[in-house]
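Below is one structure, written out as structure tokens, with a few remarks after it.
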Amino acid sequence: METEDLKKTWSSLDEHLRRQEILNTALRKENLLGKSNKRLGQMINYGYFGLALMMAGVITVAYILAIQLTYFGFGRPMTIITSVVILFLLFITVEGFIGLTKLQKIDFSAPVSENMYRTREYRLWYSRINRITWVFFGFLIAALFAVMVIFENIPAWTWAVVCGITGVGIVYGRWEYKRMFRENIDSLQKDLEELKRMEN
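Heads up: the sequence shown begins at 3 in my numbering, then just goes up one per residue.
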């Protein structure tokens with residue numbers, strides 16, 4: 003009789019622990035989904051902000067070019083460089099729309115494996131765009147400095163503006179890559195990997 007009671011007690015305890023483990027797993031899963039959804043939302047919002055910034059850049063640079071050509075004359079080298087900048091900003095804007103589309107395909111109601119694939123796909127896209135942007139930025143600064151050295155009548159304030167833009171661009175680019183991309187995408191991938199382990 004005592005043996006039967008002991009078995010029932012152990013069975014009840016085992017069932018309680020099993021239910022507790024299921025509850026803890028469900029809570030952990032809900033917490034991970036909440037964190038992942040928040041990170042995804044931050045990245046999407048930042049993507050829209052980046053698009054707005056790019057479009058504002060296109061309009062501003064195009065306006066400056068139009069004013070210079072109409073009233074002051076810009077010179078052929080600077081006209082070419084400015085036109086290339088406008089084309090590049092348009093390219094980045096289009097790519098920004100593509101990136102947002104990739105992010106919005108991540109759906110936490112879908113299977114985890116599918117979201118892991120979407121996240122890896124976005125990571126590869128962002129890394130490619132980041133490399134292209136830095137290469138273009140380097141060529142642009144080199145071209146501007148070459149023009150300013152060749153045409154010695156360029157005023158000192160222009161040098162100051164170019165140097166300032168270079169410094170701000172480098173600092174902002176590093177901040178964007180490390181904080182907005184690396185931290186969010188790394189955390190998102192880790193959360194998805196843990197969710198995948200919970201499924202198994």
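Cβ atoms here follow ideal geometry from the backbone N, Cα and C, with glycine treated the same way.
Note that the C-beta distance between R120 and I108 is below 8 Å.
Within the same chain, Cβ atoms closer than 6 Å to the Cβ of I187 are found at R125, the five residues on either side in sequence being excluded.
Taking C-beta atoms as the reference points, M57 and T27 fail to come closer than 8 Å. With fewer than 16 other CB atoms across the displayed protein chains lying within 10 angstroms of its CB, G140 is exposed. Relative to L105, the option among G49, I24, R184 and V114 whose CA is nearest is G49. A Cβ-Cβ contact shorter than 8 Å links I88 with A64. One Cα belongs to L42, the other to R78, and the distance between them is close to 44 Å. Burial check for F90: the Cβ neighbour count within 10 Å reaches 16 or more, so the residue is buried. Annotation: the continuous alpha helix (DSSP H) that includes R199 extends over N186 to E201. Straight through space, the alpha carbons of I69 and W127 are spaced by roughly 36 Å. Sequence-distant partners of E195 (beyond 5 residues in either direction) whose C-beta falls short of 8 Å from its own C-beta, in its chain, are M118.
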